[in-house]
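Participant: Chains as they are written, first to last, in the working numbering: chain F, 2 to 83; chain V, 41 to 801. Backbone N, C-alpha and C fix where the C-beta goes; we use that ideal spot for every residue, glycine too.
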Amino acid sequence: MTSTAARRPALASTARAGAAALARGWRAVAWYVRELMGEGAYPAYVRHHERTHGTDHAPLTEREFWRSRMAEMDADPGARCC
Amino acid sequence: MTSQPPPSTIEGRADGLEPDPALPPTELPAAERERESRWTLPKILLWSAIALLGGVAWVMLAIVRGETVNAIWFVFAAVCTYLIGYRFYSKVIERYITRPDDRRATPAEVRADGKDYVPTDRRVLYGHHFAAIAGAGPLVGPVLAAQMGYLPGTIWIIVGVLLAGAVQDYLVLFFSMRRGGRTIGQMARDELGRIGGTAAIIASLLIMLIIIAILALVVVNALGESPWGVFSVGMTIPIALFMGVYLRYLRPGKITEVSVIGFILLIAAIVAGGWVAETPWGAELFTLDRTTIAWGIIIYGFIAAVLPVWLLLAPRDYLSTFMKIGVIVMLAGAIVLVRPEIAVPAFSEFAGGEIGPVFSGSLFPFLFVTIACGALSGFHALIASGTTPKLVEKERQTRFIGYGGMLMESFVAIMALVAAISLDRGIYFAMNSSAAATGGTVEGAVAFVNSLGLMGVNLTPDMLTGTAEAVGEESIVSRTGGAPTLALGIATIMQQVFGGAAMAGFWYHFAIMFEALFILTAVDAGTRVARFMLQDSIGQVIPKFKDTGWRPGVWITTAIMVAGWGYILILGVTDPLGGINTFFPLFGIANQLLAVIALAVVLAIVAKRGRSYVRWLWIIGVPLAFAAVVTITASMFKIFSPVPQVGYWANHLAFRDALAAGETSFGTAQTVEAMEAVVRNTMVQGILSIVFVTLAIVVVITALIATVRAIRAGGGENHEDAPVASRRYAPAGFFATKAEKALERRWSELDESVRPVSARH
């Protein structure tokens with residue numbers, strides 16, 4: 002009796018730890034995929050802007066940022082490999 | 041520029057990088073590094089086990105060679121050898137050649153602008169770099185090389201990458217990073233002077249054109265007479281347009297989201313392709329001959345290169361990255377799960393000769409030229425000196441990104457080889473022998489393949505028709521170019537994991553789509569890059585052409601570049617001798633010559649760094665010498681060989697003499713027009729061979745002169761950016777060591793106002 006009672010919270014905590022590990026793993030994969038696809042470019046720009054320009058002028062909005070990025074890519078697309 | 045004496049060499053660590061006492065160290069102290077690299081018992085056991093497993097795998101492949109060999113040994117041999125090469129050889133290069141200094145800020149830190157120069161997490165940058173270097177090349181080359189049996193290809197892919205390919209990528213990345221991300225062309229001009237630099241730039245422009253043409257030829261061959269393929273690959277255009285509009289107007293920046301949507305649409309397009317190809321109208325509308333498809337790609341290439349990038353290029357790039365990583369992970373998993381038995385001999389009947397049906401020429405040098413990208417790829421020098429060096433966070437990470445990224449590409453090549461050799465050899469040769477040999481019919485293919493006298497091969501018409509039916513194609517005879525063979529191999533492996541025989545058609549077209557996607561992106565981007573180079577060159581004479589916003593200039597230069605590769609593409613498609621088998625060597629030679637140029641530039645750079653580097657120059661000298669000998673010999677064969685199947689000019693003269701003698705058919709050319717086509721094609725191929733090899737020899741000679749001069753003088757001019765003290769820290773490899781983690785923690789505990797910004801959350 003005592004042993005099962007003792008085991009139950011242990012089991013529950015293992016399950017919780019497992020779920021937390023899974024959630025962490027999922028977040029890591031989601032982070033990696035987003036960064037790999039280049040989605041992190043805008044947040045990175047905003048952080049850079051805050052650090053260097055502070056509140057002098059507002060950063061580009063997300064829409065403006067991606068437009069300027071595409072315009073730059075138009076001017077210099079960079080090679081893709083064979 | 042200035043009258044100062046040349047700056048001193050780079051023998052020791054740079055001075056004047058006093059760390060800010062308010063910050064934790066910006067590099068792991070040497071003592072800590074030393075302590076962590078000390079050998080402990082568990083480490084010795086681990087590396088012994090890796091070495092042992094790799095050794096056993098090589099023994100299984102090279103010596104035991106029973107009736108069949110299991111594909112898993114290829115995986116073990118490759119992975120264990122890569123690990124050993126990465127752990128030991130790349131560290132030698134780091135220690136004696138690059139000598140990174142984490143106290144120095146990288147261009148990403150010095151010039152941080154939140155856009156082009158952004159310190160990027162090393163693991164993310166590894167993925168970016170890999171996605172940028174990996175394309176159709178490593179998938180196609182090994183498939184063609186399988187003609188000679190599995191062993192020569194396997195050895196070159198695995199050993200070649202350790203000693204040549206990864207060395208080139210790593211060094212170009214590192215030296216470009218030290219120069220603020222200068223391109224290989226600019227570095228060539230800086231280090232080799234005007235002549236060598238100009239030759240390098242012309243060579244890269246021409247090579248780009250030939251590479252686009254031959255990749256396009258691979259797609260044309262995969263889609264010819266295939267309504268399913270034409271429909272599903274054609275659908276990528278509207279899908280990409282939709283994604284472009286979605287990202288521009290509906291939800292800017294939601295790249296992952298739109299890529300998932302695009303991927304689902306892509307799968308739907310593949311499934312729908314199967315239905316459409318079954319209907320009479322679908323079959324009629326989408327069954328196109330190869331010349332029509334080639335013209336379609338030429339027109340597409342022009343339009344795609346003048347449209348704004350957000351509409352077509354960028355969204356297809358996202359799709360292609362998504363597919364690339366996904367499929368490669370999936371294929372690796374499937375090979376490990378299925379573990380196909382390989383019946384192909386280690387050395388085939390063609391390994392000793394020079395007239396194999398897939399590509400002609402002897403094992404040395406043509407095997408090394410054919411495999412191209414998986415072992416050593418000059419094209420990577422363009423990538424490693426483009427975007428990646430502007431994003432590196434710390435100098436020490438270049439080993440993981442440059443050397444490690446190339447190891448992954450080599451692994452892709454090994455998987456492509458396994459997929460190709462898991463097929464029945466009879467089917468392999470029926471697919472990869474040119475229509476000139478098989479007549480393009482099942483009966484012709486059966487007769488031709490059985491007449492080759494291959495051991496254990498007994499091809500029947502049923503095998504060919506049955507396989508074609510299983511993958512939903514009209515015919516699989518003479519589907520040259522490597523892509524269909526690889527697709528069939530992937531389909532055979534994947535259907536054993538997902539879906540069974542009913543899914544074979546889906547997987548086949550999935551693989552075709554996957555390759556076509558990369559190639560079309562490469563065609564589009566390559567045309568744009570070539571156009572910029574041309575605009576820049578014409579701009580020297582007519583300044584208006586330099587203005588990239590001037591539309592007529594854009595159209596004219598794009599048209600010139602498209603005409604350049606389009607001409608070669610049409611020649612390849614209409615070639616009476618088969619196309620791929622005569623043109624692919626040009627692709628391989630061009631790509632390897634670019635590698636020779638890149639290695640020659642790096643050799644000069646390292647020699648100029650000072651006396652203590654001279655002893656280690658062999659690290660670059662060996663792959664440079666090997667690649668130079670291979671490509672120059674291959675070019676010489678192509679130019680001077682008296683065997684018509686090998687030498688372009690021998691073939692040219694044979695056909696010209698036959699025409700002069702009034703003959704109306706010669707060899708595989710049945711008409712006078714076909715004979716004239718051969719005369720013309722062999723001349724173009726012959727001239728291109730001469731131009732390439734001349735340019736490469738010029739670059740190598742100028743590089744050797746620069747190198748010898750630097751060795752005599754004990755060093756040379758240093759073109760690196762002036763060192764700037766770094767104010768950030770990040771670990772070097774994929775996994776952070778204990779000491780690295782501890783140091784990282786100290787940085788993360790800093791006050792928000794002094795902590796460096798990064799692309800990490």
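Per DSSP, N110/V is paired with what?
Facilitator: DSSP output for N110/V lists E381/V as bridge partner(s).
Participant: Counting Cβ pairs, one atom from each stretch, are 3 or more of them under 8 Å apart for the region 661-681 of chain V and the region 397-416 of chain V?
Facilitator: yes
Participant: For a test of the three-state rule: what should DSSP assign to T500/V, helix, strand or coil?
Facilitator: Correct three-state label for T500/V: coil.
Participant: List, in order along the chain, the chain V residues whose C-beta lies closer than 9 Å to that of W67/F?
Facilitator: L287, R288, P292, G293, W350
Participant: Below 6 Å CB to CB, which residues in the same chain sit around A26/V once its five sequence neighbours on both sides are set aside?
Facilitator: Nothing can be reported for residue 26/V: it is not among the residues displayed for chain V, which extend from 41 to 801.
Participant: Assuming N261/V is part of the alpha helix (DSSP H), what are its boundary residues?
Facilitator: 224-263
Participant: Name the residue from Y468/V, V563/V, K364/V whose alpha carbon lies nearest to the alpha carbon of S518/V.
Facilitator: Y468/V
Participant: For the region 127-158 of chain V, list every residue whose C-beta sits within 9 Å of some C-beta in chain F, in sequence order.
Facilitator: Within the region 127-158 of chain V, the qualifying residues are A152, D153, G154, K155, D156, V158.
Participant: Please report the distance separating the alpha-carbon of V22/V from that of A253/V.
Facilitator: This structure cannot settle anything about residue 22/V, because the visible part of chain V is limited to 41 through 801.
Participant: Under 8 Å, Cβ to Cβ, is there at least one residue of chain F near G566/V?
Facilitator: yes
Participant: Let me see if you follow: with CB-CB separation under 8 Å, is D75/F close to chain V or not?
Facilitator: yes
Participant: For V164/V, tell me which candidate among D75/F, A31/F, D57/F has the shortest Cα-Cα distance.
Facilitator: A31/F
Participant: When DSSP labels each residue in this structure, what does H801/V get in the three-state scheme?
Facilitator: Only weak support is given to the placement of H801/V: the predicted model assigns it a pLDDT of 38, under 50, and the value that follows is read from those uncertain coordinates. Correct three-state label for H801/V: coil.
Participant: Smallest Cα separation from F187/V: which of R144/V, A243/V, G393/V?
Facilitator: The question names Phe, but residue 187/V in the sequence shown is Gln. Per the Cα distances, G393/V.
Participant: Roughly how many whole angstroms lie between the Cα atoms of Y607/V and T49/V?
Facilitator: 48 Å
Participant: Do S462/V and G529/V have their beta-carbon atoms positioned less than 8 Å apart in this structure?
Facilitator: Yes, the pair counts as a contact, with Cβ atoms nearer than the cut-off.
Participant: Hey, is D587/V's beta-carbon within less than 8 Å of any beta-carbon in chain F?
Facilitator: no
Participant: Curious, which full-length alpha helix (DSSP H) runs of at least 4 residues does the region 684-755 of chain V contain?
Facilitator: Listed in chain order, they are 688-700, 712-753.
Participant: Return yes when at least one heavy atom of the ligand NAD lies under 7 Å from the C-beta of I552/V, else no.
Facilitator: By its list of ligands, the structure shown contains no ligand whatsoever, and the ligand NAD lies outside what it can speak to.
Participant: For A21/F, count neighbouring C-beta atoms within 10 Å of its own C-beta (all shown protein chains included) and say buried if the count is 16 or more, exposed if not.
Facilitator: Classification for A21/F: exposed.
Participant: Thinking C-alpha only, which one of L179/V, L92/V, G545/V is nearest G314/V?
Facilitator: G545/V
Participant: At 4 residues or longer, what runs of the alpha helix (DSSP H) sit wholly inside the region 66-101 of chain V?
Facilitator: 70-76, 81-99
Participant: What residue from A111/V, D329/V, L371/V has the CA that sits closest to F550/V's CA?
Facilitator: Closest by alpha carbon: L371/V.
Participant: To test your reading of the DSSP string, which unbroken beta strand (DSSP E) runs of 3 or more residues are found completely within the region 610-667 of chain V?
Facilitator: List check, beta strand (DSSP E) in window: nothing returned.
Participant: Less than 8 Å separating the beta-carbons of L499/V and G521/V?
Facilitator: For the pair L499/V and G521/V, the CB atoms are not nearer than the 8 Å cut-off.
Participant: So the candidates are R73/V, T747/V, L526/V, Y122/V; which of them puts its Cα closest to the Cα of V199/V?
Facilitator: Y122/V
Participant: Per DSSP, T160/V is paired with what?
Facilitator: V432/V
Participant: From L643/V to F732/V, what distance separates their C-alpha atoms?
Facilitator: 20 Å
Participant: One question on the structure: do I578/V and T598/V come within less than 8 Å of each other, judged by their Cβ atoms?
Facilitator: no
Participant: Could you name the residues of the same chain whose beta carbon sits closer than 6 Å to that of H169/V, not counting the 5 residues immediately before and after it, in chain order?
Facilitator: T428, I441, G445
Participant: Please tell me whether L93/V has its Cβ less than 8 Å away from any Cβ of chain B.
Facilitator: Given the protein chain composition of this structure (F and V), no chain B is represented.
Participant: What does DSSP give as the partner residue(s) for R144/V in the beta ladder?
Facilitator: A765/V
Participant: Under a Cβ-count criterion, where at least 16 other Cβ atoms within 10 Å of its own Cβ denotes burial, should S43/V be classed as buried or exposed?
Facilitator: Only weak support exists for where S43/V lies, its pLDDT of 41 falling under 50; the coordinates are left without a value.
Participant: Judging by CA-CA distance, which residue of P355/V, V670/V, S425/V is the nearest neighbour of M283/V?
Facilitator: P355/V
Participant: Taking the alpha-carbon of I251/V as reference, which of A176/V, E381/V, Q580/V has the nearest alpha-carbon?
Facilitator: A176/V
Participant: State buried or exposed for M363/V, treating a residue as buried only when at least 16 other CB atoms are found within 10 Å of its CB.
Facilitator: buried
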